[in-house]
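Q:
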Amino acid sequence: MTTTPPDDTADPIGWTAAMNLVRTAAALMAAWSLYVVARHYDVPMLLAIAAGLVYDGVAYVCLKLATDAVRDDRSAAAPVLATLGMVATSIYLNVVHARFTGGGRPAEVLYASPAVAFLIVSALSWAAERAACRTARGETPMRMPAYGFLGWTLAGGKAYRALKNQAVSHVTSGASVPHPPASAVERKDHRALLREKFSKMDPADAVEIAAASHPDMSHAEIAEMLAVYGITVSTLDVALILGEAAVPTITLNRVPQPPVAPAPAIGAQMRPNTAPNAPQVKGMTKADAITTMATHLGGLDTPAKAIATALAQQGRPADTAYIRHRLSLEKKKAAKAAAEAKKKAAEATAQTEQQRAEYERRHGNGGYA
Numbered sequence: 000m001t002t003t004p005p006d007d008t009a010d011p012i013g014w015t016a017a018m019n020l021v022r023t024a025a026a027l028m029a030a031w032s033l034y035v036v037a038r039h040y041d042v043p044m045l046l047a048i049a050a051g052l053v054y055d056g057v058a059y060v061c062l063k064l065a066t067d068a069v070r071d072d073r074s075a076a077a078p079v080l081a082t083l084g085m086v087a088t089s090i091y092l093n094v095v096h097a098r099f100t101g102g103g104r105p106a107e108v109l110y111a112s113p114a115v116a117f118l119i120v121s122a123l124s125w126a127a128e129r130a131a132c133r134t135a136r137g138e139t140p141m142r143m144p145a146y147g148f149l150g151w152t153l154a155g156g157k158a159y160r161a162l163k164n165q166a167v168s169h170v171t172s173g174a175s176v177p178h179p180p181a182s183a184v185e186r187k188d189h190r191a192l193l194r195e196k197f198s199k200m201d202p203a204d205a206v207e208i209a210a211a212s213h214p215d216m217s218h219a220e221i222a223e224m225l226a227v228y229g230i231t232v233s234t235l236d237v238a239l240i241l242g243e244a245a246v247p248t249i250t251l252n253r254v255p256q257p258p259v260a261p262a263p264a265i266g267a268q269m270r271p272n273t274a275p276n277a278p279q280v281k282g283m284t285k286a287d288a289i290t291t292m293a294t295h296l297g298g299l300d301t302p303a304k305a306i307a308t309a310l311a312q313q314g315r316p317a318d319t320a321y322i323r324h325r326l327s328l329e330k331k332k333a334a335k336a337a338a339e340a341k342k343k344a345a346e347a348t349a350q351t352e353q354q355r356a357e358y359e360r361r362h363g364n365g366g367y368a
């Protein structure tokens, strides 16, 4: 049993006041009855007062143990029986006290009423607490069918048999069995969370995110990294999604043709026409070939079309979109290197100024102490 109202009580202040009133009245009545009965049997005054206090303490502890047992999904039979025993003892002592006063049956009812009222209110509150705990554990207790007074009066036998069948079905179906406690939620590391997020994403979006996060990675490295997160794409897929796949160079009549060198002699090695001072990019990676040719033709601002034409003359066709992508990366690297060099120069200047100021502080402007 418990004296704590449910959380959704409409008037918690009124509930608390009413329970405190009933509790105080029952405790005072029980303590007074114990005191009078104890003094009647010549128990010393202090011991008679202590008997009343101990009785109230035991009753409260029994109510608290019953509530804890219900909340912990344990049997509350023992504390409930102990509480009933304490209340029965209280009623008996109140009746004995009423007989001492000679008040008759009205006095017995008057003295025993607070303890009985306290037991009824506590039992109803404990039932509400028990129902809330069972609901939280997933149990589904049986509910009485609403047949009504006329139903039980006019068809009592059928109502009883229907109620019995419902009870048997409820017990045999195991509906009251509490659900097992939920297992602890498995914690996922960051890689598992990313894998789950990537699995719900379009592969093209994943490739673009990976390429933007790691601009220095090759297509094969991007595909290998995405495989760790459960996305299977090939190197060709990555190149096609990023628009960096090598395409055949198509020559049109309206495109100005470079000057054709004299045909070599029969048996000589056929080489494309290149400027005498153009760097040879054969054997280089495509990225290095683009950077080298751009530097030769005037820098990273050289048009991608001019670089593609120069590379095609040496048998290294490259798409203009890919050339622009590589030039953009090189510009970023150059800007970053320039910023770092500027920062180091500023730090060196500041250090020199600091050393000069320290020297002047110690030796004076003229160098004399």
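Per numbering that gives the first Met the number 0, the sequence shown starts with residue 0, numbered consecutively.
Just so it is clear, CB atoms sit at the ideal spot from N, CA and C, and this is done for glycine as well.
#1: Sorted by chain position, which residues of the same chain lie with C-beta nearer than 8 Å to Leu80's C-beta, five sequence neighbours on each side aside?
#2: Is the region 25-37 touching the region 107-126, taking contact as three or more C-beta pairs under 8 Å?
#3: Go ahead and label Gly156 buried or exposed: buried means 16 or more other beta carbons lie within 10 angstroms of its beta carbon, across all protein chains shown.
#4: Apart from the five residues on each side of it in sequence, which residues of its chain come closer than 7 Å, Cβ to Cβ, to Gly84?
#5: Going by Cα to Cα distance, which pick from Leu64, Ser89 and Val86 is closest to Ala77?
#6: Return the chain-ordered list of same chain residues with a C-beta closer than 8 Å to the C-beta of Asp236, the five sequence neighbours on each side being excluded.
#7: Does DSSP put Ile265 in a helix, in a strand, or in coil?
#8: If you compare alpha carbons, which of His169, Leu33 and Ala219 is closest to Tyr91?
#9: Report yes if the CB atom of Val280 is closer than 9 Å to the CB atom of Arg315, and no otherwise.
#10: Which ranges would you report for the alpha helix (DSSP H) in the region 132-182 if only whole runs of at least 4 residues count?
#11: For the region 189-198 and the region 226-233, state whether three or more C-beta atom pairs, one from each stretch, are separated by less than 8 Å.
#12: For Ala293, which residues in the same chain have their Cβ closer than 7 Å to its Cβ, ignoring the five residues on either side in sequence?
#13: State buried or exposed for Phe117, treating a residue as buried only when at least 16 other CB atoms are found within 10 Å of its CB.
#14: Since Gly242 and Ala317 are thought to touch, with beta carbons under 8 Å apart, how far apart are those beta carbons, to the nearest angstrom?
#15: Compute the Euclidean distance between the alpha carbons of Gly13 and His169, then round it to the nearest angstrom.
#16: Taking buried to mean at least 16 other C-beta atoms within 10 Å of its own C-beta, is Glu352 buried or exposed?
#17: Please report the distance separating the alpha-carbon of Ala16 from that of Ser124.
#18: Are Pro144 and Ala161 touching if we call contact CB-CB under 9 Å?
#19: Compute the distance between the beta-carbons of Val69 and Cys132, then report whether it is under 9 Å.
#20: Enumerate in chain order the residues of its own chain whose CB-to-CB distance from His96 is below 7 Å, with the five nearest sequence positions on each side excluded.
#21: Between Tyr54 and Thr88, is the Cβ-Cβ spacing less than 9 Å?
#22: Output the residue ranges of the alpha helix (DSSP H) runs that lie fully inside the region 306-362 and measure 4 residues or longer, sorted by chain position.
#23: From the DSSP output, in three-state form, read off Lys199 for me.
#24: Can you confirm whether Ala50, when its beta carbon is compared against all beta carbons of chain B, has any partner nearer than 9 Å?
#25: Helix, strand or coil: which one does DSSP assign to Ile12?
#26: Can you give, in chain order, each stretch of the alpha helix (DSSP H) that sits fully within the region 50-115 and has at least 4 residues?
#27: Quick one: Cα of Gln165 to Cα of Val21, how far?
A: By the coordinates alone:
#1: Cβ neighbours of Leu80 beyond the five flanking positions: none.
#2: yes
#3: exposed
#4: none
#5: When each option's Cα is compared against that of Ala77, the closest is Leu64.
#6: Pro202, Val206 and Ala222
#7: Only weak support exists for where Ile265 lies, its pLDDT of 44 falling under 50; the value from the coordinates is given anyway. Note: Ile265 maps to coil in three-state DSSP.
#8: Leu33
#9: The answer is yes: Cβ separation under 9 Å.
#10: Here the runs fully enclosed are 147-153 and 155-172.
#11: yes
#12: Leu299, Thr301, Ile306 and Leu326
#13: Phe117 sits buried, since 16 or more C-beta atoms from the chains shown fall within 10 Å of its C-beta.
#14: With a beta-carbon spacing of about 13 Å, Gly242 and Ala317 fall beyond the 8 Å limit used to define contacts.
#15: 38 Å
#16: Residue environment: Glu352 is assigned as exposed (fewer than 16 neighbouring CB atoms within 10 Å of its CB, all protein chains considered).
#17: The straight-line gap from Cα to Cα measures roughly 15 Å.
#18: yes
#19: yes
#20: Ser32, Val35, Val36 and Tyr110
#21: Cβ atoms of Tyr54 and Thr88: closer than 9 Å.
#22: 319-362
#23: coil
#24: You won't find chain B in this structure, because it holds only one protein chain.
#25: helix
#26: 76-100
#27: 38 Å
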